[in-house]
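Peer 1: Structure incoming, see below.
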Amino acid sequence: MANETGSMDAANTDPAVVIAGGGPTGMMLAAELKLAGVDAVIVERRANQDLDGSRAGGLHPRSIEVLDQRGVAERVINAGQPGAVFGFGQSMFPVGDLPTRHSYVLALWQSEFEQLMAAWVAELGVTTLRNREVAGFTEHEGNVEVHLSDGATLRAQYLVGCDGGRSVVRKAAGIDFPGLPATTSWLIAEVEMDGDPPMGFTHTSEGSHAIGRRGPDEPIRLVIQQPYVPGAPEPGMDELRAGLRHVYDSEFGLRRAGWISRFTDATRQAATYRRGRILLAGDAAHIHPPQGGQGMGTGIQDAVNLGWKLAQVVEGTSPDALLDTYHDERHPVGARVLQNTRASVAIGIQDEQHQALREIMGDLLSLDDARRKIASMLFALDVHYDLGQGHPLLGRRMPDLDLEVDGRPTRVFELLHDARAVLLCLDARAERFDGNPWMDRVNTITAAAGSRCEVPLIGMVDLPPAVLIRPDGHVAWTGDLSDPELPDALTRWFGAADR
Ligand SMILES: Cc1cc2nc3c(=O)[nH]c(=O)nc-3n(C[C@H](O)[C@H](O)[C@H](O)COP(=O)(O)OP(=O)(O)OC[C@H]3O[C@@H](n4cnc5c(N)ncnc54)[C@H](O)[C@@H]3O)c2cc1C
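What follows is the structure in structure tokens.
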């Protein structure tokens, strides 16, 4: 891939937003901004989208839903393998009955997912400046001057650090990254072996180890848990061989490794996701071990929460205080992910007390309510932003209802493809809300639907007569079109009527 994709002449044009890092979070954010008509540039260290080593193994339901909201879910679904079982604390349970069209985990390596995302953002016309890094920034006359490693400077209104766990942007902004330090680590590798290693989990007093492959033609991947050693060097073949002998008493004819890497159970979260014109998203804002497979999805969903808000602020539609709601809404979501990964690591400790805990957890997860509660949490289907009291849908994700609009069958998520807000009137007899001053920002649609919908962990609820859906798919208001709170909600989320 070329050094630069997209049409921007880096030296001459200053974008509204610079995104440091073109991983899953940065690409999702760039797509959201582009769909909203905002000029954003990704600065990416890697020369192309290839990934060195294993990262996320797939996508969970809410991440597939947000891609569905943009009309690109099919691409990833076609490339992955759906699975109907998931695990927490070493207990496995079925996940096929959650109230979503995507009630499965999609096995798809991050390396393949990133290629699909890169193709999508390129189609949208996003510019990616490759082979260079964001080295730092200075703030100057209400702008951010972003300093690149090649000596160039980009002047932007906002800089978003999507530059991973070691984020230069977070450090340069002086944003604290408190949390728990590492206590254990895992050696992870993709290997070729002449022998016949035991597939599946092996538990020893030092932890849990695994060897597996996704299919007969797929490479073998292995994970070996080890004590955490501060400052340990990058792992190599010698350490891998020693690790195999230590756990399995054999190297199984280890011939070569495609890559070898290490991760730990450190959990940290940025103290704030926003400092003035600097924002953080994805791993730059939160790190945790991969238990529960939530890292990539949390970053993608951060980006979907932030994108439309940042676009509106850049365009002057909304005051920049709207960006504070990004921290207010997403920080608690990230904190909960850290919490459940800490619990997962703790439950995995290999001694008799934790074995007792695992057995009790396994018993609990055989109950439908407990299983759905844990699955909805891991899959982010239960995320509830605090938008006040009201209908159960308020602050939650809008379910992807079947609708009929002007006699044509459609779905809620199809109405969100252009990343604009939707005022959805579900009462065909209601007075229309046409000609409202927010028409340039909010699509007003009258649709026929059933009378009820299922909300994760709450159950079946009556549909309200109308619902205001933000571009991220969360419900900002419900009620009757004559409700005097509707103009307030429109103003709060989409700017003043007379802007
Ligand atoms: C071993 C391992 C296993 C994992 N397993 C899972 C899993 O099963 N499920 C899951 O959901 N998640 C998993 N994760 C986590 C997942 O990989 C991350 O959460 C995800 O990659 C975060 O995406 P991101 O875009 O926020 O950050 P990253 O993917 O880290 O992307 C950051 C990007 O920024 C670039 N960059 C960095 N610094 C700069 C700079 N200064 N200037 C310009 N560019 C820069 C990098 O090259 C990179 O492209 C795993 C991670 C690891 C390490």
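Residue 2 is where the sequence shown starts when you use the working numbering, and the numbers rise one by one after that.
All C-beta atoms in this analysis are idealised placements derived from N, C-alpha and C, irrespective of residue type, glycine included.
Count the other C-beta atoms from every protein chain shown that fall within 10 angstroms of the C-beta of Val86, then say buried if there are 16 or more, exposed otherwise.
Peer 2: Val86 is exposed by the Cβ-count criterion.
Peer 1: Quick check: does the Cβ of Ala74 come within less than 7 Å of any heavy atom belonging to ligand 1?
Peer 2: Incorrect: Ala74 has no Cβ contact closer than 7 Å to ligand 1.
Peer 1: Provide the residue span of the beta strand (DSSP E) that contains Pro83, from first to last.
Peer 2: From DSSP, the beta strand (DSSP E) with Pro83 extends over 82 to 84.
Peer 1: Quick test of the definition: if touching needs 3 or more C-beta pairs under 8 Å, does the segment 252 to 267 touch the segment 276 to 296?
Peer 2: The segment 252 to 267 is in contact with the segment 276 to 296.
Peer 1: Compare the C-alpha of Asp403 against each of Gly451, Glu140, Ala32, Glu115 and name the closest.
Peer 2: Nearest option by C-alpha distance: Gly451.
Peer 1: Touch check for the segment 171 to 185 and the segment 317 to 327: three-plus C-beta pairs under 8 Å?
Peer 2: Short answer: they don't touch.
Peer 1: Report all residues from its chain with a CB closer than 8 Å to the CB of Asp499; omit the five preceding and five following residues, and keep chain order.
Peer 2: Cβ neighbours of Asp499 beyond the five flanking positions: Pro438.
Peer 1: Looking at Ser112 and ligand 1, is the gap between the Cβ and the nearest heavy atom below 7 Å?
Peer 2: Outside the cutoff, so no.
Peer 1: List the residues that DSSP assigns as beta-bridge partners of Arg409.
Peer 2: For Arg409, which the question treats as bridged, DSSP gives the partners Val406.
Peer 1: Counting only the same chain and skipping the five closest in sequence on each side, list residues whose C-beta sits under 7 Å from that of Thr184.
Peer 2: If we look at Thr184 and ignore the five residues flanking it on each side, its Cβ neighbours are Tyr229, Asp266.
Peer 1: Return the Cβ separation of Ser55 and Arg222 in integer angstroms, given the expectation that the two are a contact with Cβ distance under 8 Å.
Peer 2: Contact flag correct, Cβ pair sits at about 6 Å.
Peer 1: What is the DSSP secondary structure of Val248, reduced to helix, strand or coil?
Peer 2: Looking at Val248 - three-state DSSP - the assignment turns out to be helix.
Peer 1: Is there at least one non-hydrogen atom of ligand 1 closer than 7 Å to the beta-carbon of Phe89?
Peer 2: Result no, Cβ not under 7 Å from ligand 1.
Peer 1: So is the beta-carbon of Glu134 under 7 Å away from any non-hydrogen atom of ligand 1?
Peer 2: Yes, ligand 1 has a heavy atom inside 7 Å of this Cβ.
Peer 1: Is Val73 helix, strand or coil when you go by DSSP?
Peer 2: Looking at Val73 - three-state DSSP - the assignment turns out to be coil, as it is neither helix nor strand.
Peer 1: Taking the C-alpha atoms as reference points, what is the distance between Pro457 and Asp383?
Peer 2: The straight-line gap from Cα to Cα measures roughly 6 Å.
Peer 1: So for Ile221, helix, strand or coil by DSSP?
Peer 2: Residue state, collapsed to three classes: strand.
Peer 1: Is the closest heavy atom of ligand 1 to the C-beta of Ile212 under 7 Å?
Peer 2: No - ligand 1 has no heavy atom lying nearer than 7 Å to the Cβ of Ile212.
Peer 1: Taking just the CA atoms, how far does Glu140 sit from Ala17?
Peer 2: Distance between the alpha carbons of Ala17 and Glu140: 14 Å.
Peer 1: Determine the direct distance from the alpha carbon of Glu455 to that of Gln111, and round the result to whole angstroms.
Peer 2: One C-alpha to the other measures close to 31 Å.
Peer 1: Using a Cβ-based criterion (distance less than 7 Å to any ligand heavy atom), does Met297 qualify as near ligand 1?
Peer 2: Answer for Met297: yes, Cβ within range of ligand 1.
Peer 1: Could you check which residue in Arg133, Thr299, Met29, Ala271 has the C-alpha nearest to that of Glu45?
Peer 2: Cα-wise, what sits closest to Glu45 is Arg133.
Peer 1: What residue range does the alpha helix (DSSP H) around Gln270 cover?
Peer 2: Per DSSP, Gln270 belongs to no alpha helix (DSSP H); it is in the beta strand (DSSP E), 268 to 270.
Peer 1: How is the beta strand (DSSP E) around Ile279 delimited, first residue to last?
Peer 2: 279 to 281 is the extent of the beta strand (DSSP E) around Ile279.
Peer 1: Among the candidates Cys426, Ser483, Thr492, whose CA atom is the shortest distance from the CA of Arg442?
Peer 2: Nearest option by C-alpha distance: Thr492.
Peer 1: Let me check understanding here. Comparing Cα to Cα, which of Pro83, Met362, Gly162 lies closest to Val135?
Peer 2: Checking every option, the nearest Cα to that of Val135 belongs to Gly162.
Peer 1: Which same chain residues, not among the five before or five after Arg214, have their C-beta less than 7 Å away from its C-beta?
Peer 2: Here the set comprises Pro220, Ile221, Arg222.
Peer 1: From Arg156 to Val42, what does the alpha carbon distance come to, in whole angstroms?
Peer 2: Each residue's Cα considered, the two are about 11 Å apart.
Peer 1: Asp473: which of Val305, Leu149, Asn444, Phe253 sits nearest, CA to CA?
Peer 2: Comparing Cα-Cα distances from Asp473 to each of Val305, Leu149, Asn444, Phe253, the minimum goes to Val305.
Peer 1: If you measure from the CB of Glu45, is any heavy atom of ligand 1 nearer than 7 Å?
Peer 2: Yes, the Cβ of Glu45 comes within 7 Å of a heavy atom of ligand 1.
Peer 1: Look at the Cβ atom of Leu1, then the Cβ atom of Val67, and state whether they are nearer than 8 Å.
Peer 2: Examination of residue 1 is not possible in this model, given that the chain is present from 2 through 500 alone.
Peer 1: Where does Phe202 land, buried or exposed, given buried means 16+ other C-beta within 10 angstroms?
Peer 2: It counts as exposed.
Peer 1: Apart from the five residues on each side of it in sequence, which residues of its chain come closer than 6 Å, Cβ to Cβ, to Met2?
Peer 2: Because Met2 carries a pLDDT of 36, less than 50, the predicted location of this residue cannot be relied on, and no value is offered for it.
Peer 1: So Leu30 and Ala282 are in contact, right, with Cβ under 8 Å, and what is the actual spacing, rounded?
Peer 2: Confirmed, about 6 Å.
Peer 1: What's the call for Leu416, buried or exposed, on a 16-neighbour Cβ count within 10 Å?
Peer 2: By the neighbour-count rule (16 or more Cβ atoms within 10 Å), Leu416 is buried.
Peer 1: Is Ala429 helix, strand or coil when you go by DSSP?
Peer 2: Coil at Ala429, not helix or strand.
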